[in-house]
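Student:
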Amino acid sequence: SQQGEEDPQALSIQEGENATMNCSYKTSINNLQWYRQNSGRGLVHLILIRSNEREKHSGRLRVTLDTSKKSSSLLITASRAADTASYFCATGLTQGGSEKLVFGKGTKLTVNP
Amino acid sequence: GAGVSQSPRYKVAKRGQDVALRCDPISGHVSLFWYQQALGQGPEFLTYFQNEAQLDKSGLPSDRFFAERPEGSVSTLKIQRTQQEDSAVYLCASSLFRHNEQFFGPGTRLTVL
Numbered sequence: 018s019q020q021g022e023e024d025p026q027a028l029s030i031q032e033g034e035n036a037t038m039n040c041s042y043k044t045s046i047n048n049l050q051w052y053r054q055n056s057g058r059g060l061v062h063l064i065l066i067r068s069n070e071r072e073k074h075s076g077r078l079r080v081t082l083d084t085s086k087k088s089s090s091l092l093i094t095a096s097r098a099a100d101t102a103s104y105f106c107a108t109g110l111t112q113g114g115s116e117k118l119v120f121g122k123g124t125k126l127t128v129n130p
Numbered sequence: 005g006a007g008v009s010q011s012p013r014y015k016v017a018k019r020g021q022d023v024a025l026r027c028d029p030i031s032g033h034v035s036l037f038w039y040q041q042a043l044g045q046g047p048e049f050l051t052y053f054q055n056e057a058q059l060d061k062s063g064l065p066s067d068r069f070f071a072e073r074p075e076g077s078v079s080t081l082k083i084q085r086t087q088q089e090d091s092a093v094y095l096c097a098s099s100l101f102r103h104n105e106q107f108f109g110p111g112t113r114l115t116v117l
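Residue numbers (the numbering used here), protein chains in the order written: chain A, 18 to 130; chain B, 5 to 117.
In C-alpha cells:
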C-alpha cells in the first residue's frame, strides 16, 4: 500500500520557472524524503526533512513539512531542462523493529527548454 | 566510496525459473532494504535488514520470495518459480543508521516471460 500521494501527477513548465510538487500522507512519520528518478535510472536522494523540522533548503530545492496537515511540498526554483524527471516523496516509518520508506506514485516533471 | 551496486542489471527468466539478485551496499551501512517498483509506480517496500538480522519481511509478496544478508554486508534476493507478475525493477538501498537517508542502487530489471 502507498501512503504518500503526490500532486500533481504531471507538471510541464518552461525553463526558468519554478516547480512546486505536493505530497500528502496518512500516518505519523519519523521523516520525509524526496527522491528524483530519471527515466530508466535509479533513485537519487534529494533531501530529508525530519518530523520536528518545518523547512529545509538545498541549493535550488526548498522543502516544507506541515505535520498537522500531514503534507509536504518540494519547490524547485529556476528550473532547468535537466530537472526533467519523476519526483517521489517517501515517508520514513518505524513499525515494530523495522524502518522503511513508503513512496507515493510520483510527479512527472517536464521542463521545456 | 562507491555507491550501492546491484547485479545483474537486467534479467530475463522463463516462467518457473528461479532467480537471484545481488546487492552490494555502501561499505559500513548498517541498514539494507529491498523495494519492488512496477512500471509507472513508486517503489514498494519488500524487506529490511539491520546488519545480518532480517527485521521486517512484511512486504514480501509470497513465500516464493526470500532474502538474506548472512554477513551483514552483501544481500541476495531470491525469487523461486518466477511468475509474470514478478516482472518489475528490484531496488536495493542502504543507509548508515536508522532514520537516515537511503541510498539506492540502479536496480535490477526482471522480465519474466
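Built from N, CA and C at the ideal position, the CB exists for glycine as well.
Using a 10 Å radius around the Cβ and a threshold of 16 neighbouring Cβ atoms, would you call Thr-115 of chain B buried or exposed?
Tutor: Burial call: exposed.
Student: Does Lys-117 of chain A pass the burial test, meaning 16 or more other C-beta atoms within 10 Å, or should it be called exposed?
Tutor: Buried.
Student: Distance cutoff 8 angstroms, beta carbons only. Does Arg-53 of chain A sit that close to anything in chain B?
Tutor: For Arg-53 of chain A, the answer is no, since every Cβ of chain B falls outside 8 angstroms of its Cβ.
Student: Are the beta-carbon atoms of Trp-38 of chain B and Leu-81 of chain B separated by less than 8 angstroms?
Tutor: Going by C-beta atoms, Trp-38 of chain B is nearer than 8 angstroms to Leu-81 of chain B.
Student: With DSSP as the reference, label Glu-22 of chain A as helix, strand or coil.
Tutor: Strand at Glu-22 of chain A.
Student: Could you give the residue range of the beta strand (DSSP E) that holds Asp-83 of chain A?
Tutor: Unbroken beta strand (DSSP E) run through Asp-83 of chain A: 78-83.
Student: What is the DSSP secondary structure of Ala-42 of chain B, reduced to helix, strand or coil?
Tutor: In the structure shown, Ala-42 of chain B sits in coil (DSSP, three-state: anything other than H, G, I, E or B).
Student: Per DSSP, which one or two residues make a beta bridge with Phe-70 of chain B?
Tutor: Beta-bridge pairing links Phe-70 of chain B to B:Lys-82.
Student: Of all the CB atoms in chain A, is at least one closer than 8 angstroms to the CB of Asp-60 of chain B?
Tutor: For Asp-60 of chain B, the answer is yes, since a Cβ of chain A falls inside 8 angstroms of its Cβ.
Student: What residues in its chain sit with their C-beta under 7 angstroms from that of Gln-87 of chain B, if we drop five residues either side in the sequence?
Tutor: Excluding sequence neighbours, Gln-87 of chain B sits near Arg-19, Val-116.
Student: Return yes when the Cβ of Asn-35 of chain A is within less than 8 angstroms of the Cβ of Ile-93 of chain A, no when it is not.
Tutor: Yes, Cβ-Cβ distance for Ile-93 of chain A and Asn-35 of chain A is below 8 angstroms.
Student: Give the DSSP bridge partners of Gly-111 of chain B, in chain order.
Tutor: Its beta-bridge partners do not exist; DSSP assigns none.
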